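S.K.: In our numbering, the protein residues as written are 436 to 640.
This is the structure, below, for whatever I ask next.
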Amino acid sequence: MKVISVQNSKGGVGKTTLAINIAKYLSMGCSSKTILYDADPQRTAYDWFCIKEDQSFKVVPIDNPKLLEAQVEKADYDYVVIDNPPAMSQFFITSIKLANYLVIPVSSSAFDIWGLSSLIDTINMISKNFSIIFVHNKIIRNAVIGKEIKEALKEIEINKKNYIFDVLFRQSYPKSALLGETVFDTDDTRAIAEIEFITDKIIRG
Ligand SMILES: Nc1ncnc2c1ncn2[C@@H]1O[C@H](COP(=O)(O)OP(=O)(O)OP(=O)(O)O)[C@@H](O)[C@H]1O
Ligand SMILES: [Mg+2]
């Protein structure tokens with residue numbers, strides 16, 4: 436079983452968007468069982484799930500970090516994805532301890548770089564037992580800030596297992612989410628390729 440925790444204490448960076456799209460791709464694999472725990476009291480992932488409820492994976496809201504730990508420990512799934520709230524709460528700590536992969540979206544804003552070092556310091560203190568997948572999200576082509584974010588990400592060292600992926604700003608992400616769908620229900624092949632590329636890293640290890 437692999438546990439993928441999508442987190443950043445900063446809000447609006449794309450945690451839920453990535454969590455549902457990554458979970459979707461993981462669940463599309465041959466008989467792979469996937470579950471997404473929505474640890475965010477805003478319940479965004481669960482609300483998204485309730486629009487259709489016929490996903491290839493379940494979304495389960497969870498409001499207690501201890502319960503999350505217990506559920507994950509006894510889970511009979513190939514992949515467990517955790518969508519975290521935008522806060523350094525007990526969920527933040529528990530998810531880091533449980534994770535094999537930390538997916539950390541960082542959007543293209545100066546404020547995101549400023550928050551990054553304290554985020555990384557905190558993560559570092561809790562555990563180093565994971566690979567980190569930074570996702571430079573909502574990239575707007577040729578925007579100057581993009582280069583600086585990339586440089587900041589490259590400088591970060593938590594362990595040697597850090598990866599950086601790019602996800603561009605694309606309408607297909609919010610549009611599909613609004614319908615209770617993912618980019619895999621659209622004809623946006625570039626968005627699909629972005630998610631596949633990130634998720635293949637998790638699948639192949
Ligand atoms: N690559 C992208 N292109 C365009 N829009 C995006 C992209 N990624 C995320 N968004 C949009 O950005 C907004 C915030 O995304 P999302 O809700 O996934 O962030 P979050 O980190 O989960 O937020 P919160 O911290 O509130 O839980 C949403 O409207 C979402 O549709
Ligand atoms: Mg969210």
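The beta-carbon is built from N, C-alpha and C at its ideal position, and this holds for glycine as well.
Source: prediction; values computed, not measured.
Starting from residue 529, trace the beta strand (DSSP E) in both directions and tell me its first and last residue.
M.R.: Looking at the DSSP string, residue 529 is not in any beta strand (DSSP E); the run it does join, the alpha helix (DSSP H), is 525-533.
S.K.: Compute the distance between the beta-carbons of residue 533 and residue 443, then report whether it is under 8 Å.
M.R.: No, Cβ-Cβ distance for residue 533 and residue 443 is not below 8 Å.
S.K.: Rounded to a whole number of angstroms, what is the C-alpha to C-alpha distance between residue 604 and residue 616?
M.R.: Here the alpha carbons of residue 616 and residue 604 stand approximately 17 Å from one another.
S.K.: Round the Cβ separation of residue 453 and residue 441 to the nearest angstrom and send it over; I've been treating them as touching at under 8 Å.
M.R.: 6 Å
S.K.: Quick one: residues in its chain with C-beta nearer than 7 Å to the C-beta of residue 481, no 5 flanking neighbours on either side, listed in chain order?
M.R.: 473, 494, 496
S.K.: Report all residues from its chain with a CB closer than 7 Å to the CB of residue 626; omit the five preceding and five following residues, and keep chain order.
M.R.: 605, 607, 608, 618
S.K.: Under the DSSP definition of a beta bridge, which residues are partnered with residue 609?
M.R.: According to DSSP, residue 609 bridges with nothing at all.
S.K.: Evaluate residue 470 with the Cβ neighbour count: other Cβ atoms within 10 Å of its Cβ, from every protein chain shown; 16 or more gives buried, anything less gives exposed.
M.R.: buried
S.K.: Return the chain-ordered ranges of every alpha helix (DSSP H) run that is complete within the segment 445-520 and spans a minimum of 4 residues.
M.R.: 450-463, 479-487, 500-509
S.K.: So does residue 537 have its beta carbon nearer than 7 Å to some heavy atom of ligand 1?
M.R.: Relative to ligand 1, even the nearest heavy atom lies 7 Å or more away from the CB of residue 537.
S.K.: Taking the CB atoms as reference points, tell me whether residue 491 and residue 536 lie closer together than 8 Å.
M.R.: One thing to note: residue 491 has its Cβ no nearer than 8 Å to the Cβ of residue 536.
S.K.: Could you check what DSSP says for residue 569 in three-state terms: helix, strand or coil?
M.R.: strand
S.K.: With distances taken Cα to Cα, identify the nearest neighbour of residue 561 among 520, 580, 531.
M.R.: 531
S.K.: Using the rule of at least 16 other Cβ atoms within 10 Å of the residue's Cβ for burial, across every protein chain shown, is residue 520 buried or exposed?
M.R.: buried
S.K.: Please report how far the alpha carbon of residue 460 lies from the alpha carbon of residue 498, in whole angstroms.
M.R.: 25 Å
S.K.: What I want to know is whether the C-beta of residue 578 ends up closer than 7 Å to one or more non-hydrogen atoms of ligand 1.
M.R.: no
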